[in-house]
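For the record, the sequence lines run as chains A and B.
Counting in my numbering, the first sequence tops out at residue 210, every number present.
Counting in my numbering, the second sequence tops out at residue 98, every number present.
Ideal placement from N, C-alpha and C gives every residue a C-beta, glycine not left out.
To start, the structure itself, in structure tokens.
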Amino acid sequence: DQQVKQNSPSLSVQEGRISILNCDYTNSMFDYFLWYKKYPAEGPTFLISISSIKDKNEDGRFTVFLNKSAKHLSLHIVPSQPGDSAVYFCAASANSGTYKYIFGTGTRLKVLA
Amino acid sequence: GAGVSQTPSNKVTEKGKYVELRCDPISGHTALYWYRQSLGQGPEFLIYFQGTGAADDSGLPNDRFFAVRPEGSVSTLKIQRTERGDSAVYLCASSLTTGGGNEQFFGPGTRLTVL
């Protein structure tokens, strides 16, 4: 039972354009959500997070939107850069982000120069 | 400062053998986590330590898997009688403590291949 789903395995975007990565979850107990970026042969790197008491969190070029009623979150990258090409994982946690992260299967983003 | 380190980076073993995977967390981080990532999947939680004790080992797939953190810093994941299905990347992460705002920092992983 996949509690966190990333239904798009891959996405290609032109440099300078917006990248939108989507994530859906099923467990209504999740109250903390994160995005991680992963390059080949490296561990996942934390990108941005959002608590369920918010519906938006912004950090530079990265913005995460949370729609609790739809159990959906998205990561927007504007403008996209070639260095953003990586696999992006959505993760969720219950109990205010306490320890156990449940990850999606990832979306491979390719930003074309 | 130094990040999370894991050794070895690659481990090839034969079915039935015993392996140990080591994790050095970020200095001062009290919480340590092990995850396993199979091909085409996201990381899957295995076990969580708060200090020296395993606070949650519910993700360990069976009793062939065991992890220790005797001094509250370095941790070792031990796998007995390895099986081909154990082949995966084993990721270690640490955080200052738990809860929102204390995101987990991951190491580069150990790629385990069981022949």
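Contact under 7 Å by Cβ, residue i with residue j
| i | j | result |
| --- | --- | --- |
| B:F89 | A:G140 | yes |
| B:T35 | B:G55 | yes |
| B:C6 | B:Q(-11) | yes |
| A:F159 | A:I174 | yes |
| B:S78 | B:A38 | no |
| A:T204 | A:L131 | no |
| B:V97 | B:T(-4) | yes |
| A:K207 | A:S177 | no |
| A:Y129 | A:F186 | no |
| A:K135 | A:D121 | no |
| A:Y196 | B:T81 | yes |
C-alpha distance - residue i paired with residue j, whole-angstrom precision
| i | j | result |
| --- | --- | --- |
| A:I147 | A:A191 | 12 Å |
| B:G23 | A:F200 | 12 Å |
| B:G(-14) | A:N119 | 29 Å |
| B:R99 | A:G113 | Since the first residue shown for chain B is -16 and the last is 98, residue 99 of chain B is missing from the structure and cannot be characterised. |
| B:L29 | B:Y16 | 7 Å |
| A:F127 | B:K(-2) | 38 Å |
| A:K151 | B:G25 | 25 Å |
| A:V184 | B:V51 | 30 Å |
| B:S41 | A:I145 | 27 Å |
| A:G194 | A:S149 | Unreliable positioning characterises A:G194 in this predicted model, as indicated by a pLDDT of 49, which lies under 50. The coordinate reading is nonetheless provided below. Computed Cα separation, rounded: 10 Å. |
| B:S58 | A:Q100 | 28 Å |
| A:D138 | A:N164 | Sequence check: residue 138 of chain A is Ala here, not Asp. Taking the straight line from one Cα to the other gives about 33 Å. |
| A:S166 | A:T123 | 11 Å |
| B:L74 | A:K153 | 29 Å |
Start-to-end residues for the beta strand (DSSP E) that takes in residue i
| i | result |
| --- | --- |
| B:E27 | 27 to 33 |
| B:R94 | 93 to 97 |
| A:I91 | For chain A, the structure presents residues 98 to 210; residue 91 of chain A sits outside this window and is missing. |
| A:A210 | No beta strand (DSSP E) contains A:A210, which DSSP labels as neither H nor E. |
| B:A76 | 71 to 78 |
| A:V161 | 159 to 164 |
| B:Q20 | 14 to 20 |
| B:K61 | 58 to 62 |
| B:K(-6) | -7 to -4 |
| B:T(-10) | -12 to -10 |
Own chain partners of residue i with C-beta closer than 8 Å, once the 5 adjacent residues on each side are dropped
| i | result |
| --- | --- |
| A:S125 | K168 |
| B:K(-6) | V2, L4, T93, R94, L95, T96 |
Where residue i sits in the DSSP three-state scheme
| i | result |
| --- | --- |
| A:G140 | coil |
| A:G180 | helix |
| B:D40 | coil |
| A:R114 | coil |
| A:D98 | coil |
| B:R5 | strand |
| A:D128 | strand |
| B:D46 | coil |
| B:R52 | coil |
| A:G203 | coil |
Same chain only: Cβ atoms within 6 Å of residue i, ignoring 5 sequence neighbours per side
| i | result |
| --- | --- |
| B:H61 | With the sequence shown as reference, residue 61 of chain B is identified as Lys, and His is not the correct amino acid for it. Closer than 6 Å at the Cβ level, and outside the excluded window around B:K61, lie E3, F49. |
| B:Y31 | Y16, A38, D39 |
Cβ shell of residue i (< 7 Å), same chain only, five flanking positions each side left out
| i | result |
| --- | --- |
| A:Q111 | L209 |
| B:L43 | L29, I30 |
| A:I117 | S171, H173 |
| B:P91 | Q(-11), S(-8) |
| B:T85 | Sequence check: residue 85 of chain B is Asn here, not Thr. Excluding sequence neighbours, B:N85 sits near S78, L79. |
| B:R64 | G(-1), R47 |
Proximity test, residue i beta-carbon vs the ligand NAP heavy atom, cut-off 6 Å
| i | result |
| --- | --- |
| A:K151 | Absence of the ligand NAP from the depicted structure is noted, as is the absence of any ligand whatsoever, leaving it without description. |
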